[in-house]
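Single-structure report; data block below.
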Amino acid sequence: MTTRINFFPILIQIGQLLLLLPRHRNTAYAAAGGRWDLLISNIGISSMHMQLLNNDRVVMYDRTDFGPSNISLPNGKCRNNTNDLTLKVDCTAHSVEYDVSTNSIRPLMVQTDVWCSSGSATSDGTLVQTGGFNDGENVVRVLKPCNGNKITCDWKEIGGALIQSRWYATNHVLPDGRQIIIGGREAFNYEFHPKTLSTNNIFYLPFLQQTNDPREENNLYPFVFLNVDGNLFIFANNQAILFDYTRDTIVKTYPQIPGGDPRNYPSTGSAVLLPLKNLDAQIIQAEVLVCGGTKNGSFLRAQRGNFLGALNTCGRITITDPNPQWIMETMPLARIMGDMIILPNGNVLIINGAAAGTAGWELGRSPVLSPVIYRPDNLINSRFEVQNSSTTPRMYHSTTVLLRDGRVLVSGSNPHGFYNFTGVLYPTELSLEAFSPSYLDSESVNLRPRVVSPASRRKVKYGGQVNIRFIVPGPINRNLVKVTMVAPGFNTHSFTMNQRMLVLSSGNVTQVETSTYKINSIFPNSSKLAPPGYYMLFVVHQDIPSEGIWIRI
Numbered sequence: 001m002t003t004r005i006n007f008f009p010i011l012i013q014i015g016q017l018l019l020l021l022p023r024h025r026n027t028a029y030a031a032a033g034g035r036w037d038l039l040i041s042n043i044g045i046s047s048m049h050m051q052l053l054n055n056d057r058v059v060m061y062d063r064t065d066f067g068p069s070n071i072s073l074p075n076g077k078c079r080n081n082t083n084d085l086t087l088k089v090d091c092t093a094h095s096v097e098y099d100v101s102t103n104s105i106r107p108l109m110v111q112t113d114v115w116c117s118s119g120s121a122t123s124d125g126t127l128v129q130t131g132g133f134n135d136g137e138n139v140v141r142v143l144k145p146c147n148g149n150k151i152t153c154d155w156k157e158i159g160g161a162l163i164q165s166r167w168y169a170t171n172h173v174l175p176d177g178r179q180i181i182i183g184g185r186e187a188f189n190y191e192f193h194p195k196t197l198s199t200n201n202i203f204y205l206p207f208l209q210q211t212n213d214p215r216e217e218n219n220l221y222p223f224v225f226l227n228v229d230g231n232l233f234i235f236a237n238n239q240a241i242l243f244d245y246t247r248d249t250i251v252k253t254y255p256q257i258p259g260g261d262p263r264n265y266p267s268t269g270s271a272v273l274l275p276l277k278n279l280d281a282q283i284i285q286a287e288v289l290v291c292g293g294t295k296n297g298s299f300l301r302a303q304r305g306n307f308l309g310a311l312n313t314c315g316r317i318t319i320t321d322p323n324p325q326w327i328m329e330t331m332p333l334a335r336i337m338g339d340m341i342i343l344p345n346g347n348v349l350i351i352n353g354a355a356a357g358t359a360g361w362e363l364g365r366s367p368v369l370s371p372v373i374y375r376p377d378n379l380i381n382s383r384f385e386v387q388n389s390s391t392t393p394r395m396y397h398s399t400t401v402l403l404r405d406g407r408v409l410v411s412g413s414n415p416h417g418f419y420n421f422t423g424v425l426y427p428t429e430l431s432l433e434a435f436s437p438s439y440l441d442s443e444s445v446n447l448r449p450r451v452v453s454p455a456s457r458r459k460v461k462y463g464g465q466v467n468i469r470f471i472v473p474g475p476i477n478r479n480l481v482k483v484t485m486v487a488p489g490f491n492t493h494s495f496t497m498n499q500r501m502l503v504l505s506s507g508n509v510t511q512v513e514t515s516t517y518k519i520n521s522i523f524p525n526s527s528k529l530a531p532p533g534y535y536m537l538f539v540v541h542q543d544i545p546s547e548g549i550w551i552r553i
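If you read the sequence shown in UniProt numbering, its first letter stands for residue 1, the second for the next number, and so on.
So this is what it looks like as structure tokens:
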């Protein structure tokens, strides 16, 4: 007689065990999720530079020396264009402002050439943009966030504000609120903005000349991060230093990244300072992650039609370690010209770019359409997770920034000297998209926090404490709640300047009423940890972030 076994109770038990496994226990390279949405099919320009302001508007701009854009300046405005041999009077806009709340575009007017420039937001939220090309190479431009008169809310330009011409430079906000502007093409030095009597000069930095490859450079748009001790970590080509700009002194020289291949423009990789944690500890650890790039000599070979494959490696280093060493990891997808964005939960999104060639006009091949999530707290062989693909190549001159609602804004891609929409491998791209990581899926709605107080735009002091009230509609795991703050960065050429996340020291989560909780968080006690300015603050529950609120420290 055959005995029939009832497998149903066993299957139930297996299912229950699976539900108890930790979230995100994915094997390396496992396909995950994320959703792409087309926001606007034509914003009028191809976004080469991008910055989120504290009024939830995103400023984008291209360059002014290539002919007309696809959006007119308002009210019959035009400008005399000394840089463009074919268009002496230009009545089109080369900068726009995107309003996240209304999904609308407003043209802005730049007078001088902003091509391949740099920038950052100051402590009061003003966007300060520096350098460019031709008549713009020594210019500083400012744009204040404003919600009032849109006619007067536009770029203002300060000619001659830079001593050195700055093209492909990098900016960083310093603990005292000034900006340091480092490098650029044939600019092996740095300077400050605004200037004082003692800093009204340029300061030679031999490291920039030492990392300059003949005929290729490979050290433009250096990766610069403010370390927790107030010094600057500077990575250029395949080398890095810790630099004390107050004494014009190299404090530490780091090992060369293994393999020795270049990671900076035009062999363009990307880099992030990983989230800063344990801010009340006596010793705070800081780690940098550098991903992608291409092999030595790729730029010259690409100019001859030989497109070498991009690198598939990342290097991770603890820059505060007394004996720092690179730890190498392998990405699921090789990538050049990719962007790295820190998400509100502390994970890193790697997005955009190509699998072969280099940065430069017509020099990239094989677009990489799938973003990748990097989970820095996972074990070393289970950190990468491939996301759902876009259908739009984002090649040279693409941009991306994090929005306060947790989406990632993506735009740009113009690997041509002019706007070119037909007869080319990768047409100029004028569309604006948003990538929504899987934490925005509808399945997570009951776990998603909503901040009740404080109200957005709260001012806080260094070392100050704030009680944060939030709602979680469904069941809460109080041990998996954290508070993060993210500085909105300036993105161009695969690097987001001033991008920075801090995980705030916080007390226990307590319930105050049905579905409503509070947590007491302490803000950083030093501007070396968090330079003054506006940050997006998020409550994160089980890796699912709330919509952010703006705070100013």
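Every residue gets a Cβ at the ideal spot worked out from N, C-alpha and C, and that includes glycine. Computed from a prediction, not measured in an experiment: that's the story for all the values here.
- In the DSSP assignment, Ala236 falls within the beta strand (DSSP E) that extends over Leu232 to Ala236.
- In this structure Pro258 is exposed. Its beta-carbon is surrounded by fewer than 16 other beta-carbon atoms within 10 angstroms.
- Here DSSP, grouped into helix, strand and coil, assigns Gly136 to helix.
- The beta carbons of Thr170 and Ile158 sit about 20 Å from each other, so the pair does not count as a contact at 8 Å.
- Between Gly489 and Met501 the beta-carbon gap is near 10 Å, outside 8 Å, which marks them as no contact.
- Rounded to the nearest whole angstrom, the C-alpha separation of Asn189 and Pro454 is 43 Å.
- Contact between Val386 and Phe470 is absent: CB atoms are separated by about 31 Å, not below the 8 Å threshold.
- In the three-state reduction of the DSSP assignment, Glu443 falls in the helix class.
- Buried is the label assigned to Val140, since at least 16 other Cβ atoms lie within 10 Å of its Cβ.
- With contacts defined by Cβ atoms closer than 8 Å, Pro376 and Met395 do not form a contacting pair.
- Residue pairing by DSSP places Met328 opposite Gly315 in a beta bridge.
- Contact check for Asp339 against Ser436 fails: the beta carbons are separated by 8 Å or more.
- Taking the C-beta atoms as reference points, Ser123 is found no nearer than 8 Å to Pro524.
- DSSP, reduced to helix, strand and coil, places Gln303 within a helical segment of the structure shown.
- At the C-beta level, Arg166 and Ser118 come within 8 Å of one another.
- Arg263 is classed as buried because its beta carbon has at least 16 other beta carbons within 10 Å across all chains shown.
- By DSSP's assignment, Leu108 forms a beta bridge with Ser95.
- Judged by DSSP secondary structure, Pro367 falls within the beta strand (DSSP E) whose first and last residues are Gly364 to Pro367.
- A buried status is given to Leu273, since no fewer than 16 other beta-carbon atoms sit within 10 Å of its beta-carbon.
- Membership of Leu208 in any beta strand (DSSP E) is not indicated; the residue belongs instead to the alpha helix (DSSP H) covering Pro206 to Gln210.
- Cβ atoms of Leu232 and Tyr221 stay farther apart than 8 Å, at about 15 Å.
- For the region 119–188, the full-length beta strand (DSSP E) segments reaching 3 residues or more read 127–130, 140–143, 156–158, 170–173 and 179–182 along the chain.
- The beta-bridge partner set that DSSP reports for Ile551 consists of Arg458 and Tyr535.
- In chain order, Leu87, Asp90 and Thr92 place their CB closer than 7 Å to the CB of Pro68, counting only its own chain and leaving out the 5 sequence neighbours on each side.
- By the Cβ rule, the region 315–330 counts as touching the region 278–287, because three or more pairs are nearer than 8 Å.
- Counting other Cβ atoms within 10 Å of its Cβ, Ser47 reaches 16 or more and is therefore classed as buried.
- Less than 8 Å divides the Cβ of His193 from the Cβ of Thr130.
- The Cβ-Cβ distance between Leu108 and Asp154 falls below 8 Å.
- Membership of Gln51 in the beta strand (DSSP E) is indicated by the continuous run His49 to Leu52.
- For the pair of segments examined, the region 65–80 was found not to touch the region 472–488: the number of CB pairs separated by less than 8 Å stays below three.
- Pairing Thr330 with Phe384, the inter-Cα distance amounts to about 9 Å.
- Straight across, the Cα-Cα distance linking His172 with Gln179 is about 5 Å.
- Your pair Phe207 and Ala236 checks out as a contact, with CB atoms roughly 7 Å apart and the cut at 8 Å.
- Looking at Asn352, Ser398 and Gly463, the one whose alpha-carbon comes closest to that of Met60 is Ser398.
- Counting only the Cα atoms, Glu513 lies some 55 Å from Thr294.
- A Cβ-Cβ contact shorter than 8 Å links Asn55 with Asn147.
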